[in-house]
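Undergrad: Residue numbers (the working numbering): 10 to 495. Okay, handing you the structure first.
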Amino acid sequence: MSEKEKLVAIVGDANVSDTPEALEAYSRDESFVRQMKPQLVARPQNVDEVQQIVKWANRTGTPLIPVSSGPPHFRGDTVPSLGGVVVDLSRMKRIIRINRRNRVAMVEPGVAFAELQSELKKEGLRLPMPLCPRSSKSVIGSCLEREPTTIPKYQWDISDPLLCTEVVFGTGDLFRTGEAAGPGSLEDQWASGQAQTNPMGPFQVDFFRLIQGAQGTMGIITWATVKCELLPQIQKPFLVASQKLEDLLDFTYRLLWARLGDELLILNNFNLAAILAKDRDEIKALRDTLPRWVLIVCVAGYERLPQERVEYQEKDVMDTAQRFGVTPVIAIQGVQGSDVMEALSTVSAEPYWKLRFKGGCHDIFFLTTLEKTPEFISCMYQMADAAGHPGTDIGIYLQPQIQGRACHCEFNLSCDPGSPKEMEKVRHLFFNASKELMEMGGFFSRPYGPWAEMAYSRDGQSAMALRKVKGIFDPNNVMNPGKLCF
């Protein structure tokens, strides 16, 4: 029996593919990571099939590349480094349980944001989302990648909203993290009122942290619980504009300190235009009319006294704004705050907002603190100018995290994939700017592709420790080899 036939015996003939079209689709993405075709694509439907695939990979020494989101992919983590088999988890689409009392949802890795939000809405809940995720983005994939959400006041740990998980480690062993580890089965825990809300443990180790941010190098998640929030009854968004970013920072810090508003983020004019407009011409026109920086803050009221809650928060926001010399308004240059909130509350329309301007986009992102972002932005503009890339075509997204203790700083470099000359400019800018921003202190906590070598070459002790951990949970190095420091 061939290796393909063995996979077919596990997941069925219709769920194993080696057609040129299928292999080509997984051989590349929007990143600068080197193209490499997998040998096969397998699509399991349940945990038993996943476990059998991992055990088969250990017997045969075959690399496995877990993929839960649909295309387009942007970061190179789903492109094989050594060939192998892509484990496409898109068939695992069950929303297993929604528990309103504990505000928790349990989902499989193939569930996308729009699918989950639709079901949560029926229960009066919502899940804090990243900035306008693409329609094919997996909820679990986003949580595992620690993508920032737009509501910093509900983020108590960098791992939020991820809670408990079920994982098949690289050894083939099935493991449950946090409260889900037991005692008792999931059904026993549910019967006793538990809802898999506590991610810590079992024992004194937070095992889920070994999986989060690992880019599929430790194991494959088969379900996870995520922390949800109440669905607002009333929302009132405000836009605060400025030509200078520095004029918004103290005001933003004060809002975070007082925990005013739910959604709170800063976009430059290019990114706000890209999110709201439909095509390149509309983006250019809107970008040129908008102020350079816009802080978005939305106050909300829930099921108990919603109007009163919105009114007192609005008063506090206005009083705070007056102290810091800024003016929150409900519309700027024809852009309504309600339209902005509508865009932020759902997945991106097609085409994906990062691809609308030129058809391609390369992101540079890292963690810093909010007050340091002007230095990084100045550096990026200088390097873009030196590379011949127009600064007006750079999108910037600043997202306070963990109630303002950190800030996700992101630069979006739009480019035309059909222009080799332009792509070479952007490639040059991407690599050089990444190095320089890292030198300045940007913390690349999610080191995709070329960032991995830049990050781990600076910290050999951490790389050595991670390899020891990898040797425990994936001793045969079958899980996405070639990523991170593995």
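Heads up, the beta-carbon is just placed ideally off N, CA and C, and yes, glycines get one too.
Is it the case that the Cβ atoms of residue 379 and residue 258 are separated by a distance below 7 angstroms?
TA: Contact: yes.
Undergrad: Can you have a look at residue 127 and say buried or exposed, based on whether 16 or more other CB atoms are within 10 angstroms of its CB?
TA: By the 10 Å Cβ count, residue 127 comes out exposed.
Undergrad: Measuring alpha carbon to alpha carbon, tell me which residue in 314, 394, 427 is nearest residue 368.
TA: Residue 427 is the option with its Cα nearest to residue 368.
Undergrad: Let's see if you can read the secondary structure: which residues bound the alpha helix (DSSP H) around residue 321?
TA: 315-333 is the span of the alpha helix (DSSP H), which, as asked, contains residue 321.
Undergrad: Taking C-alpha atoms, which residue in 93, 302, 444, 210 lies nearest to residue 392?
TA: It is 444 whose Cα lies nearest to the Cα of residue 392.
Undergrad: Looking at C-alpha atoms only, which residue of 25, 67, 45, 255 is the closest neighbour of residue 182?
TA: If we check each option's Cα against that of residue 182, 67 comes out closest.
Undergrad: Just list the residues that DSSP pairs residue 97 with in beta bridges.
TA: According to DSSP, residue 97 bridges with 76.
Undergrad: Do you know offhand how far residue 33's Cα is from residue 271's?
TA: Those two C-alpha atoms are separated by around 42 angstroms.
Undergrad: Determine, using beta-carbon pairs with one atom in the region 195-213 and one in the region 17-35, whether at least three such pairs fall under 8 angstroms.
TA: No, the region 195-213 is not in contact with the region 17-35.
Undergrad: Name, in chain order, the residues that DSSP records as bridge partners for residue 378.
TA: BP columns for residue 378 are empty, so no partner.
Undergrad: Residue 109 and residue 132 look like a contact to me (Cβ under 8 angstroms); what is the Cβ gap, rounded to whole Å?
TA: Indeed, because the Cβ distance is near 5 angstroms, the residues count as touching under 8 angstroms.
Undergrad: Where does residue 159 sit, in a helix, a strand or coil, going by DSSP?
TA: In the structure shown, residue 159 sits in coil (DSSP, three-state: anything other than H, G, I, E or B).
Undergrad: Taking contact to mean at least 3 C-beta pairs separated by less than 8 angstroms, is the region 185-196 in contact with the region 473-480?
TA: Verdict: no, contact absent.
Undergrad: Can you tell which of 457, 116, 471 has the C-alpha that lies nearest to the C-alpha of residue 225?
TA: Checking every option, the nearest Cα to that of residue 225 belongs to 457.
Undergrad: Under three-state DSSP, which class holds residue 423?
TA: Of the three classes helix, strand and coil, the one that applies to residue 423 here is strand, per DSSP.
Undergrad: Compare the beta carbon distance of residue 163 and residue 137 with 7 angstroms and say whether it is the shorter of the two.
TA: Yes, the pair counts as a contact, with Cβ atoms nearer than the cut-off.
Undergrad: Would you kindly report the start and end of the unbroken beta strand (DSSP E) that includes residue 409?
TA: Unbroken beta strand (DSSP E) run through residue 409: 403-410.
Undergrad: If we ignore side chains and look at the alpha-carbon of each, how far apart do residue 377 and residue 170 end up?
TA: Approximately 20 angstroms, taken between the alpha carbons.
Undergrad: Residues in the same chain with beta-carbon distance under 6 angstroms from residue 465, minus the five sequence neighbours each way, listed in chain order, please.
TA: 472, 494, listed in sequence order.
Undergrad: Rounded to whole angstroms, what's the CA-CA distance from residue 17 to residue 57? Just pull it up for me.
TA: Cα to Cα, residue 17 sits roughly 14 angstroms from residue 57.
Undergrad: Between residue 235 and residue 152, how many whole angstroms is the CB-CB distance? I'm expecting something under 8 angstroms.
TA: Right, their Cβ atoms sit about 6 angstroms apart.
Undergrad: Taking the beta carbon of residue 232 as the centre, do at least 16 other beta carbons fall within 10 Å, making it buried, or is it exposed?
TA: With 16 or more other Cβ atoms within 10 Å, it is buried.
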